[in-house]
Amino acid sequence: MRLLTWLVGMLLLLSTGWLQGAEADTSPVLNHGQKWRVAYYQGGEYYDYYQYLKATAEGLMARGWVTPQKVPEQLTTARALWRWLTESAHSDYLEFLPDGFYSAGWDRNTRAELREGVIARLQQTGEISLLIAMGTWAGIDMAVDRHTVPTMVISVNNPRNLGLIRDSQNYQHIYVTEDPQRYERQLTLFHDLIRFKTLGVAYEDSVEGRSYASIDTVQRLAKERGFQVVSCYTQSDVADQSLADRSVINCFRELVQKVDAIYVTAQGGVNHNTIPELVEIANHHRIPTFSQYGQDQVKQGYLMSLSQSQGYPEEGRALADVAVGIFKGSVPASLAHRSAEANRITLNLKTAEQIGLYLNADLLAAADQLYWQIEQP
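Numbering (mature numbering (1 follows the signal peptide of the UniProt record, and there is no 0)), first residue to last: -21 to -1, 1 to 356.
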């Protein structure tokens, strides 16, 4: 019962709203008689980025800033979605700039040149009203004082550790989402339930890769709770997708020989193409897995995760409200940064069966989402 009480208490603590402080009046307005001009910057394509952009656009539709319209299901990348927004979405208040989509394609040389070009454009008064900086690369590149264009930094793990959020001397034109205890909650739950002694973590050994994996939190909790961390280095933010994929698969094959649990972190090589093989490797060796990503990957066979209560639509509405607040004059840095998730415990019972894990009644009662089979992407 102690475990069940702790889980329920944690969920109640997190039941507060996602965003506080945005402008309550969300009715559309023009920018001194002109449309607001929106641009987008990312380090490269990543499924999360498409989902966040889609959810934000749908949030703006719900608020009346963009004419409601169903996003075509065949769109799967942020670039394709941006093209659709520029060509097919209608708004009397916003313009998604046709030449305002920037992506470095996970190429570090391209990134340096692209960053300078985008910043030069941002320095031109009135050229861009709002920049969406999606992901860690984008956040690092655009959350700077070399421009004053309102910038929403989205989908960044540990933004405070990267210096994107400061308790003082914040850049007033930068909004950054964060949930500072998200990965601590995940790991604490995983360890409470599995009581592993060695935890495997595969991640890219770079500033960005360590941020994605929240490796500082992993190492701190390892000291506090007395378990060992076994690292395996991958390649994540690279232009060659097959290289990223192979690196994670090879790390899983190495880790299952050394650990009794794996914390699966967000990175380029963990995707719909590789998850079935990663799950097969872990389950064959009876290794419990916890997905940092959430419910969708548990559905595909990882043992468990904590997932957002309603996923991207809920976050999209909140991000849309942030954008509206900025358009209506709120200082981006003054808006609430917290994205505290109303977490849902998600379990895959088929995986538990395959690895021989007994799930007690307390855990099953506390779980919000159960999957009985391993579903293919």
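Here a beta-carbon is modelled for each residue, glycine too, at the ideal position from N, C-alpha and C.
Reduced DSSP secondary structure (H/G/I, E/B, other) of E2: Numbered from 1 along the sequence shown, position 23 holds the residue referred to as residue 2. Its pLDDT being 41, under 50, E2 is placed unreliably in this model, and the value from its coordinates should be taken loosely. E2: coil per DSSP, three-state reduction.
Can you have a look at residue 358 and say buried or exposed, based on whether 16 or more other CB atoms are within 10 angstroms of its CB? With the chain covering -21 to 356 only, the question about residue 358 has no answer from this structure.
Residue from S67, A345 and Y20 with nearest C-alpha to residue 381: Shown here, the chain extends from -21 to 356; a query on residue 381 therefore has no answer.
Let me know the secondary structure DSSP gives N327 once reduced to three states. For the purposes of this step, residue 327 is taken as residue 348 along the sequence shown, with counting starting at 1. If DSSP states are grouped into helix, strand and coil, N327 belongs with the strands.
Would you give the residue range spanned by the alpha helix (DSSP H) that I181 belongs to? If you number the sequence shown from 1, residue 181 lands on position 202. A quick correction: the sequence has Ala, not Ile, at residue 181. Where A181 is concerned, there is no enclosing alpha helix (DSSP H), although the beta strand (DSSP E) it sits in stretches over T177 to E183.
Starting from the C-beta of M40, find all residues in its chain whose C-beta is less than 6 Å away, skip the five residues before and the five after it, and write them out in chain order. By 1-based counting over the sequence shown, the position of residue 40 is 61. When the five nearest sequence neighbours on each side are left out, the beta carbons in the same chain lying within less than 6 Å of the beta carbon of M40 are those of P47, in order along the chain.
Hey, quick one: how far does the alpha helix (DSSP H) through S190 stretch, first residue to last? Taking the first residue of the sequence shown as position 1, residue 190 is located at position 211. Note, S190: alpha helix (DSSP H), V186 to A192.
Starting from V128, follow the beta strand (DSSP E) in both directions and report where the run begins and ends. The sequence position of residue 128 within the sequence shown is 149, counting from 1. Unbroken run through V128: none, as it is neither H nor E.
If you drop the 5 nearest sequence neighbours on each side, which residues of the same chain put their C-beta closer than 6 Å to that of S286? In the sequence shown, counting from the first residue as 1, residue 286 sits at position 307. Excluding residues within five positions, the ones whose Cβ falls inside 6 Å are G273, Q274, R323 and T325.
Report the partner residues of N10 according to the DSSP bridge assignment. Working through the sequence shown from its first residue, we reach residue 10 at position 31. According to DSSP, which records beta bridges pairwise, N10 is partnered with Q13.
Rounded separation between I254 and D4 - CA only: What you label residue 254 is simply residue 275 of the sequence shown in a count that begins at 1. What you label residue 4 is simply residue 25 of the sequence shown in a count that begins at 1. Using only the alpha carbons, I get a separation of about 43 Å.
Shortest alpha-carbon distance to G105 belongs to which of G84, V209, T127 and D120? Taking the sequence shown and counting its residues from 1, the one referred to as residue 105 is at position 126. Comparing Cα-Cα distances from G105 to each of G84, V209, T127 and D120, the minimum goes to T127.
Burial state of T(-6), where buried means 16 or more other Cβ atoms lie within 10 Å: Looking up residue -6 in the sequence shown gives position 16. Model confidence at T(-6) stands at a pLDDT of 35, short of 50, so the residue's coordinates are unreliable; what they give is reported in the following sentence. With a threshold of 16 other beta carbon atoms within 10 Å, T(-6) falls short and is exposed.
With distances taken Cα to Cα, identify the nearest neighbour of F75 among T89, N262, L110 and G118. Taking the sequence shown and counting its residues from 1, one reaches residue 75 at position 96. The shortest Cα separation from F75 among T89, N262, L110 and G118 belongs to L110.
Quick check: the region 217 to 231 against the region 246 to 266, are at least 3 beta-carbon pairs closer than 8 Å? Segment contact: the region 246 to 266 against the region 217 to 231, three or more CB-CB distances shorter than 8 Å; contact assigned.
Where P159 sits in the DSSP three-state scheme: As a first step, residue 159 is located in the sequence shown; it is residue number 180 there, counting from the start. In the structure shown, P159 adopts coil according to DSSP, grouped into three states.
Can you tell me whether Q352 is buried or exposed, with buried defined as 16 or more other CB within 10 angstroms of its CB? Along the sequence shown, read from residue 1 onward, the residue named residue 352 stands at position 373. So Q352 counts as exposed.
What number of angstroms, rounded off, separates the C-alpha of D158 from the C-alpha of N140? As a position in the sequence shown, residue 158 is number 179, starting the count at 1. As a position in the sequence shown, residue 140 is number 161, starting the count at 1. Between D158 and N140, the alpha-carbon positions lie close to 12 Å from each other.
The beta strand (DSSP E) spanning F75 covers which residue range? Within the sequence shown, the letter at position 96 stands for residue 75. For F75, the enclosing beta strand (DSSP E) begins and ends at L73 to S82.
For a minimum of 4 consecutive residues, which ranges assigned as the alpha helix (DSSP H) are wholly contained in the region 240 to 291? You should have 254 to 263 and 274 to 278.
Among Y81, L166, A299 and V155, which one has its Cα closest to the Cα of I241? Stepping through the sequence shown from its first residue, residue 241 is reached at position 262. The residue with the shortest Cα to Cα distance from I241 is L166.
Does DSSP put V132 in a helix, a strand or coil? Along the sequence shown, one-based indexing puts residue 132 at 153. V132: strand per DSSP, three-state reduction.
Give me the Cβ distance between A312 and I133, rounded to the nearest whole Å; I'm assuming they're in contact under 8 Å. Taking the sequence shown and counting its residues from 1, one reaches residue 312 at position 333. Taking the sequence shown and counting its residues from 1, one reaches residue 133 at position 154. Not confirmed; about 15 Å, so no contact.
In or out: K33 buried (at least 16 other Cβ within 10 Å) or exposed? Locating residue 33 in the sequence shown gives position 54, counting from the first residue. Buried.
Would you call the region 183 to 196 in contact with the region 53 to 68, where contact means no fewer than 3 C-beta pairs closer than 8 Å? No: the two stretches stay apart, fewer than three of their Cβ pairs being nearer than 8 Å.
Identify which residue in P77, L178, P129 and G22 has its Cα closest to the Cα of K307. What you label residue 307 is simply residue 328 of the sequence shown in a count that begins at 1. Comparing Cα-Cα distances from K307 to each of P77, L178, P129 and G22, the minimum goes to P129.
Look at the alpha carbon of A297 and the alpha carbon of D27, and state the distance between them as a whole number of angstroms. Indexing the sequence shown from 1 puts residue 297 at position 318. Indexing the sequence shown from 1 puts residue 27 at position 48. Cα to Cα, the separation comes out at about 16 Å.
Kindly indicate the opening and closing residues of the beta strand (DSSP E) around T213. In the sequence shown, counting from the first residue as 1, residue 213 sits at position 234. From DSSP, the beta strand (DSSP E) with T213 extends over Q207 to T213.
Q220 by DSSP, collapsed to three states: which one? Within the sequence shown, residue 220 is the residue found at index 241, counting from 1. Of the three classes helix, strand and coil, the one that applies to Q220 here is helix, per DSSP.
Would DSSP call L54 helix, strand or coil? The residue labelled residue 54 in the question sits at position 75 within the sequence shown. In the structure shown, L54 adopts coil according to DSSP, grouped into three states.
Would DSSP call Q165 helix, strand or coil? Counted from its first residue, the sequence shown places residue 165 at position 186. Here Q165 sits in helix by DSSP.
Rounded distance between the beta-carbons of W116 and A83, thought under 8 Å: In the sequence shown, residue 83 corresponds to position 104, counting from 1. In the sequence shown, residue 116 corresponds to position 137, counting from 1. About 7 Å separates the two Cβ atoms, so the contact holds.
Along the chain, where does the alpha helix (DSSP H) that runs through L143 open and close? The count along the sequence shown starts at 1 and reaches residue 143 at position 164. Counting along the chain, L143 falls outside any alpha helix (DSSP H), and DSSP gives it neither H nor E.
For I173 and A261, the rounded distance between their alpha carbons: By 1-based counting over the sequence shown, the position of residue 261 is 282. By 1-based counting over the sequence shown, the position of residue 173 is 194. Cα to Cα, the separation comes out at about 15 Å.
Excluding the 5 residues preceding and the 5 following I107 in the sequence, name in chain order all residues of the same chain whose CB lies nearer than 8 Å to its CB. Residue 107 sits at position 128 when you count from the first residue of the sequence shown. Only R16, V17, A18, L76, G79, R100, L101 and V128 meet the Cβ criterion.
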